[in-house]
Amino acid sequence: MNINLTLFAQALMFAGFIWVVATKIWPPLLNAIEERQKKIADGLAAADKAKQELADADARVADEIKKARVDAAQITDRAHQQAVQIVDKAKQDAIAEAARQKAAAEAEIANLSSKAKEVLRSQVASLAVKGAEKILGREIDANRHRDLLDQVASEI
Amino acid sequence: MSDQAEKLTPTEYIQHHLGHLAHDLTPTVGKDGFMAVHVDTMVMSFVLGLIMCLGFWVATRKATAGVPGKWQAFVEIVLEFIDKQAKDAYHGTSKLVTPVAITLFCWIILMNAMDFIPVDFIAKTAGFVGQHVFGVDPHHVHWRPVPTADVNATLAMSITVFFLMIFFALRAKGIGGFVHELFTAPFGKWMFPANLLLNAVELLSKPVSLAMRLFGNMYGGEIVFLLIWVLGGAGVGGALASAVFGLGWGLFHILIIILQAFIFMMLSVVYLSLMEEHH
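So the protein sequences, as listed, match chains Y and R. Residue 118 in numbering that gives the first Met the number 0 sits at position 119 of the first sequence, and the numbers go up by one each step. Residue 107 in numbering that gives the first Met the number 0 sits at position 108 of the second sequence, and the numbers go up by one each step.
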């Protein structure tokens, strides 16, 4: 291990290499590294922001869905009420119609029965006269006994 | 290696591999004097430093903040790891600490990793080149491939770190504050000789320990490799055994080279950080 001029030459060489690394190599590489770090940081921040925006949008969508659901419920309620109203009205109409038809039928029945009574009444009078003629063997003057006949007919 | 083994004793073999290709700048003193340069250490460390810079440059040339390529991603992972370690240990404002840590860690790893090239591949190639290109005896051509196993390289780095430490201290405290601390910490101003001695030892021991730790580990590792390759000269069984041992030591060495590079880097950053603290 003899020490000689190599020592100084090596020291100069070492200083030279330090100079090269310090000026030509490390700064541009450090720049690239730091730029990339910034890019990555920006990317992460953008991702966070996007996530936040997505959460906001989700919340908005949930709100909208909730609102739509409430609206839908209201609409169904209203439709339901309307349906009930329509059914009620139809029922009432039907009842009224039935009552009207029943009344008409009853009126017709009464009419018919009074007509039949009239016919019967007139026939009963003649029948009674005929019967009495048969019983008495002679003609009863219908005109003379009108009162009696009318009384009989009205009792039927 | 067989022909060499016939001529060389194990000691000679190891000594041959531990020799440097030195070039003397002053023809009068000789290659062991101070005015010589280890050509192998210089060339290997320069080429590896160049490979490091080129590799990083390829990644930074097309550095994009978008999706990185595979190589850019790898370089970013490595450099960010070092940056994180440096930032954890150093809390000051200097922008120089991370580049120093990057250079230390990556360069030392590359230099340490030269240990994995089998030494005789390199020695034979160097001998061949020496014989046919430069016309010298191949047995006198040395080529040490691991610059960190040369104490000059590790000391050079740690001394540079030492000057950076002084620079950081002066930047943080000023000349007055630095000198004041040299004389007054830790025992107060009436004990200034003891303080100065203590601080001098503390300061000077840091670069020495940094350099010696790395040098010792790599030099030791290299010698273990050499011993294993010496075993490889002992017939077929020895070759097989040396292959197995070489693989085992090589796998363990992966841990060592990364750990030593990491320790050198971390301690340098910690020392720089300590120098900025006020006592």
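Don't be surprised by glycine CBs; every beta carbon is placed ideally from N, CA and C.
CB contact flag (residue i, residue j, <7 Å)
i	j	result
R/L20	R/V38	yes
R/A286	Y/A10	What the structure shows of chain R is the stretch from 0 to 278, and residue 286 of chain R is not part of that stretch, so it cannot be assessed.
R/T159	Y/A8	no
R/L266	R/L203	no
R/A58	R/I81	no
Y/V123	Y/A152	yes
R/V77	R/M113	no
R/T147	R/N111	yes
R/I108	R/A233	no
R/F104	R/M274	no
Y/A31	R/A62	yes
Y/F16	R/T102	yes
R/V74	R/F55	yes
R/V310	R/A85	Residue 310 of chain R is absent from the structure shown; chain R starts at 0 and stops at 278.
Y/A21	R/P117	no
R/K351	R/Y270	Chain R is shown only over 0 to 278; residue 351 of chain R falls outside these bounds and no answer can be derived.
R/A64	Y/R59	no
R/T40	Y/T5	yes
R/W106	R/G68	no
R/F33	Y/N3	yes
R/W142	R/I174	no
Those residues which DSSP pairs with residue i across a bridge
i	result
R/D23	R/A35
Under the three-state DSSP convention, the category residue i falls into
i	result
R/F133	coil
Y/I134	helix
R/A64	coil
Y/N30	helix
R/F186	coil
R/P117	coil
R/Y270	helix
R/G91	coil
R/W106	helix
R/W142	coil
Y/D146	helix
R/D328	It is not possible to answer for residue 328 of chain R, since the shown part of chain R is limited to 0 through 278.
R/N194	helix
Y/T5	helix
R/G249	helix
R/T8	coil
R/H16	helix
R/G232	coil
R/E221	helix
R/E276	coil
Amino acids of chain R, ordered along the chain, whose beta-carbon sits closer than 8 Å to that of residue i
i	result
Y/E34	A64
Y/A14	T159
Y/V60	By Cβ distance, chain R contributes nothing, its closest Cβ being about 36 Å from Y/V60, past 8 Å.
Spatial neighbours of residue i in its chain, beta-carbon cut-off 7 Å, leaving aside the 5 residues before and after
i	result
R/A238	G231
R/F186	A193, N194
R/F177	A168, L169
R/G220	D114, H252, I255
Proximal residues to residue i (C-beta, below 6 Å), its chain only, five neighbours per side dropped
i	result
R/F214	V150, T153
R/E276	none
R/I13	L225
R/P137	G126, G129, Q130
Y/A97	none
Y/K38	none
R/A171	E275
R/Y218	A148
Partners in chain R for residue i, counting only beta-carbon separations shorter than 7 Å
i	result
Y/L6	N151, L154, A155
Y/L43	Ordered by position in chain R, no residue passes the 7 Å Cβ test against Y/L43, which lies about 15 Å from the chain.
Closer than 7 Å at the beta carbon, the chain Y residues around residue i
i	result
R/P206	None at all; the shortest Cβ gap to chain Y is about 11 Å.
R/S272	Chain Y residues near R/S272: none, gap ~17 Å exceeds 7 Å.
R/P98	I17, V20, A21, W25
R/E75	L28, I32
R/S44	Q9, M12
R/I101	V20, W25
Neighbouring residues, chain Y, relative to residue i (Cβ below 9 Å)
i	result
R/V36	N3, L4, T5, A8
R/F48	One point to set straight first is that residue 48 of chain R is Gly, not Phe, in the sequence displayed. Correct list: M12, F13, G15, F16, V19.
R/M164	Chain Y residues near R/M164: none, gap ~14 Å exceeds 9 Å.
R/W142	Simply none; closest approach about 14 Å.
R/L95	I17, A21
Interface residues of chain Y facing residue i [CB-CB closer than 8 Å]
i	result
R/W56	K23, I24
R/E79	I32
R/T59	K23, I24, P27, L28, A31
R/T40	T5, Q9
Listed by chain order, chain R residues near residue i by CB distance under 9 Å
i	result
Y/K38	A64, G65
8 Å CB neighbourhood of residue i in its chain, flanking five on each side removed
i	result
R/H90	S272
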